[in-house]
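>
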Amino acid sequence: MSDDAPPTEAAGTPELRRLTTYPVKSLDPQDHDSLAVAHGTLAGDREYAMVAKPADEPHDPTTASVGGRGAYVNGKRTAAVHRLRSSVDRTAGTVTLREQDGEESRTFSLDDPGALNAYLTDYFDEPVSIRHEPRGGYPDDREYDGPTVVSTATLREVASWFDVSTDSARRRFRANLELGGVPAFWEDRLYADHGEAVAVRIGDVELLGLNPCRRCVVPSRDPDTGRETPGFRETFLRERQRTRPEWLDSDRFEGDFRLMVNTRIPESEWGKTLTVGDTVRVLGTRQL
1 MSDDAPPTEA AGTPELRRLT TYPVKSLDPQ DHDSLAVAHG TLAGDREYAM
51 VAKPADEPHD PTTASVGGRG AYVNGKRTAA VHRLRSSVDR TAGTVTLREQ
101 DGEESRTFSL DDPGALNAYL TDYFDEPVSI RHEPRGGYPD DREYDGPTVV
151 STATLREVAS WFDVSTDSAR RRFRANLELG GVPAFWEDRL YADHGEAVAV
201 RIGDVELLGL NPCRRCVVPS RDPDTGRETP GFRETFLRER QRTRPEWLDS
251 DRFEGDFRLM VNTRIPESEW GKTLTVGDTV RVLGTRQL
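See the structure below:
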């Protein structure tokens, strides 16, 4: 079925439809048929990050997500990240980059990143270096650091608000796990109140749904050009309120500029594997 086909999800069986990582934080996605859970997240997800700090300075992970020196180079900081195409070969230890409007691509070593750092510094016009964290990567949310969850139907619905494709919505919101066989906003069932979590099993892996993801400026931009969608926030807030499920009463839903679910994966699940087509089952609410 095409992603942009009319919605037919309500009567289906919840299943994992897409499994996506972002090898370099803020750059392009990589889809998988099957993937292991490692250190609380998907293996290889956001394993590398671009940091605005000279390459010869020590990396302090406690400052990597804040402004100033040591800040992530991401869509919140600059729209230029949207115009940089990327693909990572984890086996070869390389990343291939190309500017959106350019024809030439270049491949760089991730293990010996001197040339890569020079390229990024030139592209962003500030000192930028690549960082590597193989144990859990650089999650967007350090507290709820598991894979993020959304449904295909939700992405399709949100895409209709802005007259863009479902794939454009997918690339704007950048979820890890996309669910099929469910209606729009079904994933809002996967969190409860503060102090609680919703246990959900996908195949053999149990996750804890914890929080509706608060959005930033990134989804408002075209994922290829970085151009802002006029009136994005206002439209999103209006439509999210209009379509909010009647049963959604969690005290974690603090405002309508939220979409997607943040999770945590218990250590007991590390090493297990998620596979596209896995059945999704909600196990119930648990106290944290």
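Count the sequence shown with UniProt numbering and you get residues 1 to 288, in order. C-beta: ideal position from N, C-alpha, C; glycine also.
(1) Is it the case that the segment 37 to 49 contacts the segment 126 to 136, given that we only count it when at least three CB pairs across the two stretches are under 8 Å?
(2) Counting beta carbon pairs with one atom in the segment 18 to 30 and one in the segment 165 to 177, are three or more of them shorter than 8 Å?
(3) Going along the chain, which residues of its own chain have a beta-carbon closer than 6 Å to the beta-carbon of G226, five neighbours each way excluded?
(4) I'd like to check one pair, P147 with T263: are the Cβ atoms closer than 8 Å?
(5) For the alpha helix (DSSP H) that N117 lies in, which residues bound it at each end?
(6) Among the candidates G137, R258, G195 and A192, whose CA atom is the shortest distance from the CA of T154?
(7) Do E178 and V150 have their CB atoms nearer than 8 Å?
(8) Give the single residue among A115, R156, V73 and V217 whose Cα lies nearest to the Cα of L27.
(9) Would you kindly work out how many angstroms separate the C-alpha atoms of M188 and R221, rounded to a whole number?
(10) Just to confirm, is the Cβ distance from S217 to G209 under 8 Å?
(11) For R215 and W186, what's the separation of their Cα atoms in angstroms?
(12) Just curious, the alpha helix (DSSP H) that S168 is in, first and last residue?
According to the data block:
(1) yes
(2) yes
(3) Within the sequence shown, the letter at position 226 stands for residue 226. A79, H82 and R83.
(4) Residue numbering aside, residue 263 sits at position 263 when the sequence shown is read from its first letter. Residue numbering aside, residue 147 sits at position 147 when the sequence shown is read from its first letter. Yes; because the gap between Cβ atoms is below 8 Å, this pair is in contact.
(5) In the sequence shown, counting from the first residue as 1, residue 117 sits at position 117. Where N117 is concerned, the enclosing alpha helix (DSSP H) stretches over G114 to F124.
(6) Walking along the sequence shown from the start, residue 154 turns up at place 154. Nearest of G137, R258, G195 and A192 to T154, Cα basis: R258.
(7) Taking the sequence shown and counting its residues from 1, the one referred to as residue 178 is at position 178. Taking the sequence shown and counting its residues from 1, the one referred to as residue 150 is at position 150. Cβ distance < 8 Å, so E178 and V150 count as in contact.
(8) Here residue 27 corresponds to residue number 27 of the sequence shown, with the count starting at 1. Answer by Cα proximity: V73.
(9) Taking the sequence shown and counting its residues from 1, the one referred to as residue 188 is at position 188. Taking the sequence shown and counting its residues from 1, the one referred to as residue 221 is at position 221. Before going on, a small fix: residue 188 reads as Asp here, not Met. Using only the alpha carbons, I get a separation of about 24 Å.
(10) Taking the first residue of the sequence shown as position 1, residue 217 is located at position 217. Taking the first residue of the sequence shown as position 1, residue 209 is located at position 209. The sequence given here has Val at residue 217, not Ser. No, these two residues do not count as a Cβ contact at 8 Å.
(11) As a position in the sequence shown, residue 215 is number 215, starting the count at 1. As a position in the sequence shown, residue 186 is number 186, starting the count at 1. Each residue's alpha carbon lies about 18 Å from the other.
(12) Residue mapping note: residue 168 aligns to position 168 of the sequence shown, counting from 1. It spans T166 to F173 - the alpha helix (DSSP H) in which S168 sits, taken as one unbroken run.
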